[in-house]
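Residue numbers (our numbering): 227 to 384. C-beta: ideal position from N, C-alpha, C; glycine also. These figures come from a predicted structure and were not determined experimentally. Right, one structure below, let's go through it.
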């Protein structure tokens with residue numbers, strides 16, 4: 227099947243991707259050098275492929291790439307350099323198996339979507355935001371108390 231040109235805002239930059247129309251967003255991003263969007267379950271259950279599309283956290287394995295034509299797509303690559311998230315990133319790393327971290331980009335994207343709309347979430351809101359994210363090596367990565375403590379350490383605007 228021939229490639230189509232997909233025009234999106236990828237991590238804040240106008241981007242055109244040549245994609246096969248049958249690809250999921252997850253596959254299209256991976257084929258175009260976005261390595262943080264993991265391919266886990268491919269059924270929308272694990273959250274490892276979570277990205278933000280037009281401000282909403284979505285599982286990219288459950289969406290065709292063509293569905294994001296003209297939309298904004300944000301991946302972990304867009305936030306990994308922000309020092310303001312360091313306490314949150316450190317808390318997640320400290321509570322997973324040291325050699326893993328597979329789930330962290332997806333968890334961070336779910337939390338980024340939450341923090342964009344709610345700068346002071348409570349534990350219930352954090353649990354709700356992470357409902358679609360699983361940590362296979364330890365449940366502590368999605369522990370709302372640990373995340374809430376880290377969020378309180380973050381200074382500045384989200």
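Judged by DSSP in its simplified three-state form, residue 260 adopts coil rather than helix or strand. Here residue 245 is bridged, per DSSP, to 230. As computed with DSSP, residue 283 is found in a beta bridge with 278.
By the neighbour-count definition (other C-beta atoms within 10 Å, threshold 16), residue 276 is a buried residue. Residue 274 sits buried, since 16 or more C-beta atoms from the chains shown fall within 10 Å of its C-beta.
If you draw a straight line from the Cα of residue 260 to the Cα of residue 303, it is about 8 Å long. Cβ-Cβ distances below 6 Å link residue 331 to 262 and 302 in the same chain, with the five nearest sequence neighbours on each side left out; the list follows chain order. Taking each of 328, 338 and 343 in turn and checking the Cα distance to residue 373, the smallest one comes out for 338. Boundaries of the beta strand (DSSP E) harbouring residue 300: 298-300, taken from the DSSP string. Distance check between residue 257 and each of 291, 240 and 377 places 291 closest, using alpha-carbon atoms only.
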